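Note sheet for the following structure.
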Amino acid sequence: LYLHQGLVFPTEAFNVDEKSGLVSLKASHSRLLARLSTADTRIIISGASRFQNKSHAPYIDAINKAFSQLPVLTWDAQLQVPYRDFLQAPLQPLMDNLHSQTYEVFEKDPIKYSQYEKAICKALMTKYQGRKRVCLVVVGAGRGPLVRCAIRAGREAKANLTIYAVEKNPNAIVTLRNAARSEWKDEDVTVIEADMRQWKAKEKADILVSELLGSFGDNELSPECLDGAQWVLSPSSPQFSSSSSSP
C-alpha cells in the first residue's frame, strides 16, 4: 500500500525461514519497493510479529537489506529528491531579487549548461566561422554560469568573443563583478547592471543567450522580458533558448 510518501508492508509480505529465523521481503514486494521507493520514502511495517519476542527488528533488517540492493541514485536524481512531490511557489525574479542559494540550485543542473555550451559552440563554428569578433550578450546573467559556458565555447571554437553580462539583481551583480576582476580578467567580459528591457546597448548582439525559462516555461516572465530585449539582437542572429516547453 502506497500512502503519501510512505510504503506500508504487512508482516505477511515477508518470508520467514523457520529453521534459521532469517526474514526476507517476498520477491513481488521487493519489485514493488524498487519501483515505488525514492530516497525520502518512509517504510511502515504493519501487523503482529511472528516471532515469540514480538520484535519487528528482523523485518526492519529485511527492509534495510532490500534497500541496499536497490540501484544507487545518479547524481542528477539525488539533486531532484528535495523537490519531488513538493508544491513550489513560482519564482518571480522580475519582481524579486533572488538570493544566492536560489542561483546555486539552478547552477547544479549540469545537463542544461552543457547543452547551452554546445549550442553556442555550434553557432560560433558554423554561422560565425572566421569572424574577427563576435558579440555575445547574456541577459539575466545571474551569477555567471552562462558566461562561463560562452567562454568555454569560444575557446573550443577558437572565436574572439566580446561578452556583455546583463543583470538587474544587485545581489548577483556583486558576484559577476568579482568574477570579471578575477576569473574572467583575461576575457573580454563587461558586466552591465540594468533591466534587459531598458538597457541601451552600444552594439548589436550576434548571439543572445538567456535561461529565463521558469518551472512552466514562462513563469519568470520570460516572453515579456525577452521580447523587450529583442532589439539588442542583430537580424537573423541566433537566440538561445529560442523556445521552451514543459512536459
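So for the sequence shown, our numbering puts the first residue at -8; every next one is plus one. Every residue, glycine too, gets a C-beta built ideally from N, C-alpha and C. Predicted model, so just to flag it, every value in this text is computed and none were measured.
**Message:** By alpha-carbon positions, which one of F97, L82 and V200 ends up nearest to G131?
**Reply:** Shortest Cα-Cα distance from G131 to any of F97, L82 and V200 involves V200.
**Prompt:** When DSSP labels each residue in this structure, what does R172 get in the three-state scheme?
**Reply:** Look at R172 here: in three-state DSSP terms it is helix.
**Asked** Just the Cα atoms here: how many angstroms apart are K193 and Y155?
**Response** Straight-line spacing of the CA atoms in K193 and Y155 works out to 11 Å.
**Asked** Measuring CA to CA, which of R124, L70 and S173 is closest to A148?
**Response** Selected option, being the one with the closest Cα: R124.
**Item:** Helix, strand or coil at S201 [DSSP, three-state]
**Value:** Here S201 sits in coil by DSSP.
**Request:** With DSSP as the reference, label L(-6) as helix, strand or coil.
**Result:** Because the pLDDT of L(-6) is 44, which lies under 50, any placement of that residue in the model is unreliable, and the number read from its coordinates should be weighed accordingly. In the structure shown, L(-6) sits in a strand (DSSP, three-state: E or B).
**Request:** Indicate the three-state DSSP secondary structure (helix, strand or coil) for T181 in the structure shown.
**Result:** Per DSSP, reduced to three states, the secondary structure at T181 is strand.
**Request:** Look at the Cβ atom of P136, then the Cβ atom of E98, and state whether they are nearer than 7 Å.
**Result:** Yes, the pair counts as a contact, with Cβ atoms nearer than the cut-off.
**7 Å Cβ cutoff met for R134 and E108** = Here R134 is not near E108, since their CB atoms are 7 Å or more apart.
**Cβ-Cβ distance between C216 and M187 below 7 Å** = For C216 and M187, yes; Cβs fall inside 7 Å.
**Request:** Go to Y155, then tell me how far its beta strand (DSSP E) extends in each direction, as first and last residue.
**Result:** Here the beta strand (DSSP E) through Y155 covers L152 to E158.
**Message:** For a quick check, are the C-beta atoms of S15 and A53 less than 7 Å apart?
**Reply:** For S15 and A53, yes; Cβs fall inside 7 Å.
**Prompt:** Using the beta-carbon count (16 or more within 10 Å), is G145 buried or exposed?
**Reply:** Only buried fits G145, as 16 or more other CB atoms lie within 10 angstroms of its CB.
**Asked** In angstroms, rounded to a whole number, what distance separates the CA positions of P62 and Y94?
**Response** Linking P62 to Y94 through their CA atoms gives a straight-line distance of about 30 Å.
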